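Worksheet: the structure to be examined is printed underneath.
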Amino acid sequence: MYSILKSWLTAGRLTVPASELALSEATVVRLEQLEALSKSYRKALSRSVMIRHLDAGSCNAEEAELLALANPVYDMSRFGLEITASPRHADILTVSGPVALQLLPAIKQTYDAMPEPKLV
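Next up, the structure:
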(Lines of atoms letter the chains of each structure in order from A and count residues from 1; the text may use other names and numbers.)
(Lines give C-alpha, C1' and ligand atoms only; values in the text may rest on other atoms or scores of the structure.)
Protein backbone atom coordinates (compact mmCIF):
# COMPACT_ATOMS: atom_id res chain seq x y z
CA MET A 1 0.00 0.00 0.00
CA TYR A 2 2.84 2.35 0.82
CA SER A 3 4.45 1.75 -2.58
CA ILE A 4 1.24 2.73 -4.38
CA LEU A 5 0.94 5.93 -2.35
CA LYS A 6 4.61 6.72 -2.97
CA SER A 7 4.20 6.28 -6.73
CA TRP A 8 1.19 8.59 -6.73
CA LEU A 9 3.06 11.30 -4.84
CA THR A 10 6.22 11.11 -6.95
CA ALA A 11 4.62 10.79 -10.40
CA GLY A 12 3.91 14.48 -10.81
CA ARG A 13 1.22 15.91 -13.04
CA LEU A 14 -0.11 13.40 -15.55
CA THR A 15 -2.56 15.63 -17.38
CA VAL A 16 -2.13 18.71 -19.51
CA PRO A 17 -4.52 21.69 -19.36
CA ALA A 18 -6.56 22.22 -22.52
CA SER A 19 -4.98 25.64 -23.03
CA GLU A 20 -1.57 23.98 -23.51
CA LEU A 21 -2.74 21.58 -26.22
CA ALA A 22 -1.70 22.27 -29.80
CA LEU A 23 -4.89 21.98 -31.86
CA SER A 24 -4.86 21.50 -35.61
CA GLU A 25 -6.70 23.94 -37.87
CA ALA A 26 -9.33 21.30 -38.71
CA THR A 27 -9.98 20.69 -35.01
CA VAL A 28 -10.44 24.41 -34.36
CA VAL A 29 -12.91 24.70 -37.27
CA ARG A 30 -14.81 21.64 -36.03
CA LEU A 31 -15.01 23.05 -32.49
CA GLU A 32 -16.41 26.32 -33.88
CA GLN A 33 -19.03 24.38 -35.87
CA LEU A 34 -20.02 22.41 -32.78
CA GLU A 35 -20.36 25.61 -30.76
CA ALA A 36 -22.64 27.16 -33.40
CA LEU A 37 -24.71 23.96 -33.53
CA SER A 38 -24.93 23.91 -29.75
CA LYS A 39 -26.27 27.48 -29.75
CA SER A 40 -28.94 26.62 -32.31
CA TYR A 41 -29.98 23.54 -30.31
CA ARG A 42 -30.22 25.57 -27.12
CA LYS A 43 -32.40 28.13 -28.90
CA ALA A 44 -34.67 25.47 -30.41
CA LEU A 45 -34.99 23.57 -27.14
CA SER A 46 -35.12 26.56 -24.84
CA ARG A 47 -38.58 25.66 -23.61
CA SER A 48 -40.19 22.47 -22.42
CA VAL A 49 -41.81 20.06 -24.84
CA MET A 50 -45.52 19.93 -24.06
CA ILE A 51 -47.52 16.73 -24.58
CA ARG A 52 -51.29 16.63 -25.19
CA HIS A 53 -52.89 13.20 -24.81
CA LEU A 54 -56.18 12.09 -26.37
CA ASP A 55 -57.90 8.90 -25.26
CA ALA A 56 -59.73 7.29 -28.17
CA GLY A 57 -61.17 4.40 -26.18
CA SER A 58 -58.14 2.57 -24.88
CA CYS A 59 -58.06 0.32 -21.82
CA ASN A 60 -56.67 3.17 -19.66
CA ALA A 61 -53.29 1.46 -19.30
CA GLU A 62 -51.68 3.98 -21.64
CA GLU A 63 -52.99 6.90 -19.59
CA ALA A 64 -51.73 5.31 -16.39
CA GLU A 65 -48.28 4.84 -17.93
CA LEU A 66 -48.22 8.38 -19.28
CA LEU A 67 -49.22 9.85 -15.93
CA ALA A 68 -46.71 7.59 -14.16
CA LEU A 69 -43.98 9.36 -16.12
CA ALA A 70 -44.82 12.53 -14.19
CA ASN A 71 -44.40 10.97 -10.74
CA PRO A 72 -41.20 11.52 -8.72
CA VAL A 73 -39.71 8.14 -9.69
CA TYR A 74 -39.50 8.89 -13.42
CA ASP A 75 -39.95 12.70 -13.31
CA MET A 76 -40.14 13.44 -17.02
CA SER A 77 -40.08 17.18 -16.30
CA ARG A 78 -36.35 16.98 -15.57
CA PHE A 79 -35.93 16.10 -19.26
CA GLY A 80 -38.10 19.04 -20.35
CA LEU A 81 -41.33 17.09 -20.97
CA GLU A 82 -44.63 18.31 -19.57
CA ILE A 83 -48.27 17.25 -19.97
CA THR A 84 -50.67 20.03 -20.96
CA ALA A 85 -54.45 20.19 -21.10
CA SER A 86 -54.58 22.68 -23.94
CA PRO A 87 -53.70 21.73 -27.52
CA ARG A 88 -52.69 25.36 -28.10
CA HIS A 89 -49.66 24.80 -25.87
CA ALA A 90 -48.85 21.28 -27.10
CA ASP A 91 -45.90 20.25 -29.27
CA ILE A 92 -46.72 16.52 -29.29
CA LEU A 93 -50.12 14.89 -29.66
CA THR A 94 -50.46 11.31 -28.41
CA VAL A 95 -53.56 9.29 -29.27
CA SER A 96 -54.22 5.99 -27.53
CA GLY A 97 -56.80 3.43 -28.52
CA PRO A 98 -58.62 2.68 -31.76
CA VAL A 99 -59.78 5.84 -33.49
CA ALA A 100 -63.47 5.67 -34.43
CA LEU A 101 -64.90 7.64 -37.33
CA GLN A 102 -66.96 9.74 -34.92
CA LEU A 103 -63.81 10.80 -33.06
CA LEU A 104 -61.83 11.70 -36.17
CA PRO A 105 -63.16 15.30 -36.45
CA ALA A 106 -62.27 15.99 -32.81
CA ILE A 107 -58.74 14.66 -33.31
CA LYS A 108 -58.37 16.75 -36.48
CA GLN A 109 -59.62 19.85 -34.64
CA THR A 110 -57.15 19.22 -31.81
CA TYR A 111 -54.32 18.73 -34.30
CA ASP A 112 -55.22 21.93 -36.14
CA ALA A 113 -55.21 23.88 -32.86
CA MET A 114 -51.60 22.90 -32.16
CA PRO A 115 -48.90 25.42 -33.12
CA GLU A 116 -46.11 24.55 -35.55
CA PRO A 117 -43.89 22.50 -35.28
CA LYS A 118 -46.08 19.63 -34.15
CA LEU A 119 -45.65 15.89 -33.86
CA VAL A 120 -48.19 13.06 -33.61
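Just add 74 to wherever you are in the sequence shown, counting from 1, and you've got the numbering used here. No residue lacks a Cβ here, since even glycine has one placed at the ideal position from N, Cα and C. Predicted model only: the values in this text are computed from it and were never measured.
- Secondary structure in the stretch 104-158: the beta strand (DSSP E) runs of 3 residues or longer, each lying completely within the stretch, are 123-129, 155-157 in chain order.
- As DSSP reads the structure, Ile166 sits in a beta bridge with Ile125, Leu193.
- By the C-beta density criterion, Ile125 is buried, having at least 16 other C-beta atoms within 10 angstroms.
- If you look at Thr89, you'll find it isn't in any alpha helix (DSSP H); DSSP assigns it neither H nor E.
- A distance of 8 Å or more separates the beta carbons of Leu128 and Leu178.
- At the C-beta level, Val169 and Ala130 come within 8 Å of one another.
- Tyr76 and Thr89 have their alpha carbons spaced roughly 23 Å apart.
- The three-state secondary structure of Ser77, taken from DSSP, is helix.
- In the DSSP annotation of this structure, Leu177 is not part of any alpha helix (DSSP H), being labelled neither H nor E.
- With a 10 Å radius around the Cβ and a threshold of 16 neighbouring Cβ atoms, Asp186 comes out exposed.
- Scanning its chain for C-beta atoms nearer than 6 Å, with the 5 sequence neighbours on each side dropped, one finds around Asp165 the residues Val123, Met124, in chain order.
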